[in-house]
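Sequences listed follow chains P and H, in order. Be aware that the first sequence starts at 25, since it is given in our numbering, and climbs by one per residue. Be aware that the second sequence starts at 2, since it is given in our numbering, and climbs by one per residue. Worksheet: the structure to be examined is printed underneath.
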Amino acid sequence: MDGTPRLGHGFRFQWEPVQQCHVLLYPEGMIKLNQSGGEILARCDGQRDIAAIVADLEAAFSASGLRGDVEAFLAMAIEKRWLKLETEARP
Amino acid sequence: MNAPAKIGPPMWLLAEVTYRCPLHCVFCYNPVDFAKHETELSTDDWLRVLREGRELGAVQCGFSGGEPLLRDDLEILIGEARRLGYYTNLITSGVGLTEARLDAFKAAGLDHIQLSFQDSTKEINDFLTHTRTFDLKQKVGEMIKARGWPMVMNVVIHRLNIDHIGRIIEMADALGAEYIELANAQYYSWALLNRDQLMPSREQLRRAEAVTNEWKAKLAERMRILFVVPDYHEGKPKKCMNGWGNVFLTVTPDGTALPCHTARMLPGLSFPNVRDSSLREIWYDSEGFNHYRGTGWMKKPCRDCDHKEEDLGGCRCQAYLLAGDADAADPVCPKSPHHEIVSNALENAEKPDRQAQPLIFRDPKESRRLTEEAKTPEPAA
């Protein structure tokens, strides 16, 4: 899997103090995210590609070998249309 | 009080900003006596309600009515709601919506518009809404799409338009809808007054579901379709509002706070007003919001039923309207001692030559007349 993930049309990602978690908001609904899902989505800003997201997470959490987990989450999120993966080279 | 030990935050703040409406829909869920609740909250009141709702943890904010576009401060309220971090939803018929107003909503950060359609057949649409609005709605749909909003449509389905359901879906697709909710009329308020006219026969319903399923298969990738089966036909009580005081906090035009938009009809329950109490007090401490939370209020047959957690006894307003007792099991449940009322209504819908009174259109004059007549309230069944 390669490319630059960005939020799907109509979705908004934010931190909810009352819920103490990240959420995805969309028309008339909300998805509460667990910590790892929140950390991944927080980096899906349409600027960073998957490699950069993985590198950033590994640095932030002093971990290695996260690529598999990140890709599994991204695949799920893309299927649910939370994210779109842009694979074209950006100008 | 019967409330469960832990009360979570509301997810929705539903701001019914006005009962004024240019339409006169025969299935409107606004209270039949809406005309006597004329005093609307000020802009400042609403701004405070929005802030307090957000502090409570509400994330979805719906602006509805009546027709919310009739409030000329709507863009101010949307802008504040968006700034506070709500996902902002406008629920509108589109009547009165202009390019300039849509641009103002876009600038204010409006996230989403749900556009209601009555029918895809102009004649029936105009008949049902009592105004000539169909062409306008088509234009509004195009204006919404052109500004990049996701388009969600809601169509109330009933005996008089259910046979056009294929055309309704086709039209929604032509307008670029990403989602359409085909909601069978629920019989409260104005729809209950008009129930004999609005309730489809079993055969109509069966055909409509079959046609909807064909379109679902055909449009799978393009448009999601939700067909909401009426609870009368399903014979299964719904978990109304996903639980009383669980997800929704509605504030009505005059500031009365309700756990559901029709709950104001329930006798003997006092619902607080946002002019007198904070939303936090209202949500967590008020009698009105705590009364039907959980299952502690139930009596037989709900109390001993295996499904009580699943459906929470169904709808309190429906129990009151049909059985005359808001604590009763929802009469759509076959276990309800009042289920016959529902079966009779269903049987009546099978009769092609059934007697039905003329449709009663929702307008302030009818509202005042019906309020007068209801001086001695009687369950409408």
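The C-beta atom is built at its ideal place from N, Cα and C for all residues, glycine as well. Since the structure is predicted, the reported quantities are computational estimates derived from the model, not experimental observations.
Quiz item: If L194 (chain H) and V33 (chain H) are in contact, beta carbons under 8 Å, what's the gap, nearest whole angstrom?
Solution: Walking along the second sequence from the start, residue 194 (chain H) turns up at place 193. Walking along the second sequence from the start, residue 33 (chain H) turns up at place 32. The Cβ separation is near 7 Å, so the contact holds.
Quiz item: Going along chain H in order, which residues have a C-beta closer than 8 Å to the C-beta of R36 (chain P)?
Solution: By 1-based counting over the first sequence, the position of residue 36 (chain P) is 12. Those within 8 Å of R36 (chain P) in chain H are Y88 and D112.
Exercise. Please state whether DSSP places W245 (chain H) in a helix, a strand or coil.
Key: For the purposes of this step, residue 245 (chain H) is taken as residue 244 along the second sequence, with counting starting at 1. Residue state, collapsed to three classes: coil.
Practice problem: Flag V343 (chain H) as yes if its beta-carbon sits less than 7 Å from any beta-carbon of chain P, otherwise no. | Solution: If you number the second sequence from 1, residue 343 (chain H) lands on position 342. V343 (chain H) is outside the set of residues whose beta carbon lies under 7 Å from a beta carbon in chain P.
Self-check item: Residue from H:V141, H:A258, H:N243 and H:D305 whose Cα sits closest to the Cα of D286 (chain H)
Solution: Along the second sequence, one-based indexing puts residue 286 (chain H) at 285. Closest in C-alpha terms to D286 (chain H), from the list H:V141, H:A258, H:N243 and H:D305, comes H:A258.
Quiz item: Taking the alpha carbon of G95 (chain H) as the point to measure from, which residue in H:G177, H:V141, H:R83 and H:F228 has its own alpha carbon closest?
Solution: Translated into positions along the second sequence, residue 95 (chain H) becomes position 94. It is H:V141 whose Cα lies nearest to the Cα of G95 (chain H).
Practice problem: Please go through the stretch 43-89 of chain H and give each complete alpha helix (DSSP H) segment of 4 or more residues, from N-terminal end onward. | Solution: DSSP runs (the alpha helix (DSSP H)) wholly in the stretch 43-89 of chain H: 44-57 and 75-85.
Self-check item: Three-state secondary structure assigned by DSSP to D69 (chain P)
Solution: In the first sequence, counting from the first residue as 1, residue 69 (chain P) sits at position 45. Three-state DSSP puts D69 (chain P) in a strand.
Quiz item: What's the gap between the Cα of K219 (chain H) and the Cα of M172 (chain H)?
Solution: Translated into the one-based positions of the second sequence, residue 219 (chain H) becomes position 218. Translated into the one-based positions of the second sequence, residue 172 (chain H) becomes position 171. Approximately 14 Å, taken between the alpha carbons.
Exercise. Kindly list, in the order they appear in chain H, the residues whose Cβ is closer than 9 Å to that of M54 (chain P).
Key: Here the question's residue 54 (chain P) lines up with position 30 in the first sequence. Ordered by position in chain H, the residues that pass the 9 Å Cβ test against M54 (chain P) are M12, V60, Q61 and Y88.
Self-check item: Integer Cβ distance of A184 (chain H) from V157 (chain H), believed to fall under 8 Å
Solution: Along the second sequence, read from residue 1 onward, the residue named residue 184 (chain H) stands at position 183. Along the second sequence, read from residue 1 onward, the residue named residue 157 (chain H) stands at position 156. Confirmed, Cβ separation roughly 6 Å.
Practice problem: Could you tell me which of H:L98, H:R84 and H:S344 sits nearest to R72 (chain H), measuring between CA atoms? | Solution: Residue numbering aside, residue 72 (chain H) sits at position 71 when the second sequence is read from its first letter. H:L98 is the residue among H:L98, H:R84 and H:S344 whose C-alpha sits nearest the C-alpha of R72 (chain H).
Quiz item: In the structure shown, what three-state DSSP assignment does H46 (chain P) receive?
Solution: What you label residue 46 (chain P) is simply residue 22 of the first sequence in a count that begins at 1. Here H46 (chain P) sits in strand by DSSP.
Quiz prompt | CB contact check: P359 (chain H) to chain P, cutoff 7 Å | solution = Looking up residue 359 (chain H) in the second sequence gives position 358. Answer no: the Cβ-Cβ gap between P359 (chain H) and chain P never drops below 7 Å.
Quiz item: Quick one, are the C-beta atoms of V275 (chain H) and G256 (chain H) less than 7 Å apart?
Solution: For the purposes of this step, residue 275 (chain H) is taken as residue 274 along the second sequence, with counting starting at 1. For the purposes of this step, residue 256 (chain H) is taken as residue 255 along the second sequence, with counting starting at 1. Taking C-beta atoms as the reference points, V275 (chain H) and G256 (chain H) count as a pair closer than 7 Å.
Quiz prompt | Under 7 Å from the C-beta of Q43 (chain P): neighbouring residues of chain H | solution = Looking up residue 43 (chain P) in the first sequence gives position 19. Going along chain H in sequence order, the residues near Q43 (chain P) (Cβ under 7 Å) are G58.
Quiz item: Are there 16 or more other CB atoms within 10 angstroms of the CB of R304 (chain H), so buried, or fewer, so exposed?
Solution: Start at 1 with the first residue of the second sequence, and residue 304 (chain H) comes out as number 303. That one is exposed.
Practice problem: Look up E100 (chain H) in the DSSP assignment and say whether it is helix, strand or coil. | Solution: Residue mapping note: residue 100 (chain H) aligns to position 99 of the second sequence, counting from 1. DSSP places E100 (chain H) in helix when its eight states are reduced to three.
Quiz item: For the beta strand (DSSP E) that T28 (chain P) lies in, which residues bound it at each end?
Solution: As a first step, residue 28 (chain P) is located in the first sequence; it is residue number 4 there, counting from the start. Its beta strand (DSSP E) spans residues T28 to L31.
Exercise. Give the range of the beta strand (DSSP E) segment to which K56 (chain P) is assigned.
Key: To locate residue 56 (chain P), count along the first sequence from 1; it is residue 32. In the DSSP annotation of this structure, the continuous segment of the beta strand (DSSP E) that includes K56 (chain P) starts and ends at G53 to K56.
Self-check item: Proximity of E81 (chain H) and L48 (chain H) at Cβ, strictly below 7 Å
Solution: Stepping through the second sequence from its first residue, residue 81 (chain H) is reached at position 80. Stepping through the second sequence from its first residue, residue 48 (chain H) is reached at position 47. For E81 (chain H) and L48 (chain H), yes; Cβs fall inside 7 Å.
Quiz item: How far does the beta strand (DSSP E) with W39 (chain P) in it reach, from first residue to last?
Solution: The sequence position of residue 39 (chain P) within the first sequence is 15, counting from 1. R36 to E40 is the span of the beta strand (DSSP E), which, as asked, contains W39 (chain P).
Self-check item: Contact check, A109 (chain H) vs E76 (chain H), beta carbons under 7 Å
Solution: Against the second sequence, residue 109 (chain H) aligns to sequence position 108. Against the second sequence, residue 76 (chain H) aligns to sequence position 75. Yes.
Quiz item: Once you ignore the five residues that flank E210 (chain H) on each side, which residues in its own chain have a CB closer than 8 Å to its CB?
Solution: By 1-based counting over the second sequence, the position of residue 210 (chain H) is 209. Excluding sequence positions up to five before and after E210 (chain H), its CB lies within less than 8 Å of the CB of F228 and V230, all in the same chain and listed in chain order.
Quiz item: Do the stretch 35-44 of chain H and the stretch 151-168 of chain H make contact, defined as three or more Cβ pairs closer than 8 Å?
Solution: They do not touch, by the three-pair rule.
Quiz prompt | Straight-line gap, I82 (chain P) to V252 (chain H) (C-alpha atoms, nearest Å) | solution = Along the first sequence, one-based indexing puts residue 82 (chain P) at 58. Along the second sequence, one-based indexing puts residue 252 (chain H) at 251. The residue you asked about is not Ile; residue 82 (chain P) is Glu in the sequence shown. Those two C-alpha atoms are separated by around 46 Å.
Quiz item: In its own chain, which residues sit with a C-beta less than 6 Å from the C-beta of M54 (chain P), not counting the 5 before and 5 after it?
Solution: Position 30 of the first sequence holds residue 54 (chain P). Hits under 6 Å: V47.
Practice problem: Starting from the beta carbon of V248 (chain H), find every residue of chain P whose beta carbon is closer than 8 Å, and list them in chain order. | Solution: In the second sequence, residue 248 (chain H) corresponds to position 247, counting from 1. For V248 (chain H), there are no neighbours in chain P by C-beta distance under 8 Å, as the nearest C-beta there is about 10 Å away.
Practice problem: Pull out every residue of the stretch 136-167 of chain H whose Cβ sits closer than 7 Å to any Cβ of chain P, in chain order. | Solution: Taking 7 Å as the cut-off between beta carbons, the residues of the stretch 136-167 of chain H near chain P are P151 and V153, in sequence order.
Quiz item: How many Å lie between L267 (chain H) and E367 (chain H) at the Cα?
Solution: Locating residue 267 (chain H) in the second sequence gives position 266, where the first residue counts as 1. Locating residue 367 (chain H) in the second sequence gives position 366, where the first residue counts as 1. Rounded to whole angstroms, L267 (chain H) to E367 (chain H) spans 21 Å at the Cα level.
Practice problem: Kindly say whether L49 (chain P), judged by its beta-carbon, lies nearer than 7 Å to any beta-carbon of chain H. | Solution: Start at 1 with the first residue of the first sequence, and residue 49 (chain P) comes out as number 25. At least one chain H Cβ lies under 7 Å of L49 (chain P).
Quiz item: For R363 (chain H), which of H:L24, H:K7, H:I181 and H:T40 has the nearest alpha-carbon?
Solution: Stepping through the second sequence from its first residue, residue 363 (chain H) is reached at position 362. Out of H:L24, H:K7, H:I181 and H:T40, H:L24 has the C-alpha closest to the C-alpha of R363 (chain H).
Practice problem: Quickly, what does DSSP pair A184 (chain H) with across the bridge? List them, please. | Solution: Residue 184 (chain H) sits at position 183 when you count from the first residue of the second sequence. Answer is H:V157 and H:V229, bridged to A184 (chain H).
Exercise. Taking the CB atoms as reference points, tell me whether P29 (chain P) and L107 (chain P) lie closer together than 7 Å.
Key: As a working mapping, residue 29 (chain P) is identified with position 5 in the first sequence. As a working mapping, residue 107 (chain P) is identified with position 83 in the first sequence. Less than 7 Å divides the Cβ of P29 (chain P) from the Cβ of L107 (chain P).
Quiz item: Name the chain H residues whose beta carbon is nearer than 7 Å to that of H33 (chain P)?
Solution: Residue 33 (chain P) sits at position 9 when you count from the first residue of the first sequence. Chain H residues near H33 (chain P): P151.
Quiz item: Counting contacts by CB-CB distance shorter than 7 Å, is V18 (chain H) in contact with chain P?
Solution: Within the second sequence, the letter at position 17 stands for residue 18 (chain H). At a cut-off of 7 Å between C-beta atoms, V18 (chain H) does not count as an interface residue with respect to chain P.
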